[in-house]
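Working notes, structure below.
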Ligand code: NAD
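Residue numbers (this note's numbering): 729 to 1009.
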């Protein structure tokens, strides 16, 4: 099966690894050449670690690496059975990519978005054949996280939904089909986890390291909210919160945080930029 991924950042790179590991031929496209080079290097590091830990052997590592080609034109994706878009969380940018993509691929290609919070119906409406558009939402890090939300839009055909569920199940992931509502299941539930932690920090109840410590040590969470926001990236996390807040007609329980907004404006995006709440340099 030929899979195309658009966007070779955190999520696109992880999804490419998942698809290649499952035996698919993967084409990874990004507008930014540096992002493609970084993705290739990151895969080498990840797979080498898996070889060291004896989770895969050297032949499997080469097979996975050889299954992924790094391309620099949307035209190169024309022979895909499934395209998964994982670019910036911006509706207009995504709509533009989908409407262009539709003219390049075959009639039967499934077009999926990995959006965390945007309306799949709005993305689908940018296409002449919206019934083949669907949300396929992986979690970070995609190779490790079992759950994938599959989100049919009101326009999505039953056949595209069933095929998508089958493909993701074949990739050894656990599928939850969710309605096309802001944040779907997990990102909606997770919003107050981040927002309330940020408010506790802003009110001076405790510093962020203490909040992380308390939730991990006492609360049983694997990562604290501030570590998690740093891992996700404040650009992505803030925009998802802002989108969910707006989409729920400004319900105060989803209100975004100025502290996080300032980090984003300063370019302190978390792990990916070397600094967020914590310092990674
Ligand atoms: P990222 O910033 O790490 O990567 C995005 C990549 O897309 C960049 O390399 C950028 O160069 C590329 N890009 C931007 N516009 C493009 C275009 N028009 N054409 C081709 N490439 C383009 O972002 P990410 O964290 O991987 O998030 C990508 C998507 O996945 C977003 O919709 C986000 O909401 C969603 N998502 C993110 C997470 C997370 O934890 N980071 C989890 C689940 C879903």
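Positions of the beta carbon are idealized from the N, C-alpha and C atoms, including for glycine. The model shown is predicted, which means the values in this text are computed figures rather than measured ones.
- Looking at the DSSP output, residue 871 shares a beta bridge with no other residue.
- Listed as beta-bridge partners of residue 1003 by DSSP are 998 and 1007.
- Separation of residue 997 and residue 920 (C-alpha to C-alpha, rounded to the nearest whole angstrom) is 20 Å.
- Distances between the C-beta of residue 908 and the heavy atoms of the ligand NAD are all 7 Å or more.
- Contact between residue 796 and residue 842 does not hold, since their C-beta atoms are separated by about 17 Å, which reaches or exceeds 8 Å.
- As the crow flies, the alpha-carbon of residue 814 is around 5 Å from that of residue 740.
- With respect to the 8 Å criterion, residue 861 and residue 878 are not classified as neighbours on the basis of their beta carbons.
- Using a Cβ distance threshold of 8 Å, residue 838 and residue 888 count as a contacting pair.
- Beyond the five residues adjoining it in sequence on each side, residue 819 comes within less than 8 Å, by CB distance, of 846, 847, 850 and 851 in the same chain, given in chain order.
- For the pair residue 988 and residue 915, the Cα-to-Cα distance works out to about 17 Å.
- Rounded to whole angstroms, the Cβ separation of residue 760 and residue 808 is 20 Å, and the two are not in contact under 8 Å.
- Residue ranges of uninterrupted beta strand (DSSP E) with 3 or more members, entirely inside the stretch 749-773 and ordered along the chain, are 753-757.
- Under the 8 Å Cβ criterion, the stretch 786-802 counts as touching the stretch 753-769, having at least three qualifying pairs.
- Cβ neighbours of residue 882 within its own chain (closer than 6 Å, five residues either side excluded): 849.
- In its chain, beyond the 5 residues on either side, 741 have a beta carbon closer than 7 Å to the beta carbon of residue 770.
- A Cβ-Cβ separation of about 5 Å places residue 736 in contact with residue 764 under the 8 Å criterion.
- At the C-beta level, residue 910 and residue 870 stay beyond 8 Å of one another.
- Our two residues, residue 835 and residue 781, have alpha carbons roughly 43 Å apart in a direct line.
- DSSP places residue 924 in the helix class (H, G or I) of the three-state scheme.
- Rounded to the nearest angstrom, the gap between the Cα atoms of residue 985 and residue 734 is 30 Å.
- According to the DSSP secondary-structure assignment, residue 730 is paired through a beta bridge with 753.
- Minimum Cα-Cα distance from residue 926 among the listed residues 901, 949 and 956 corresponds to 956.
- It is roughly 34 Å from the alpha-carbon of residue 918 to the alpha-carbon of residue 789.
- As for any alpha helix (DSSP H) of minimum length 4 sitting wholly inside the stretch 911-987, the runs are 914-930, 936-945, 953-960 and 962-975, ordered along the chain.
- Burial state of residue 752 is buried, judged by a 10 Å Cβ sphere holding 16 or more other Cβ atoms.
- Boundaries around residue 889 are those of the alpha helix (DSSP H), 886-898, since no beta strand (DSSP E) includes it.
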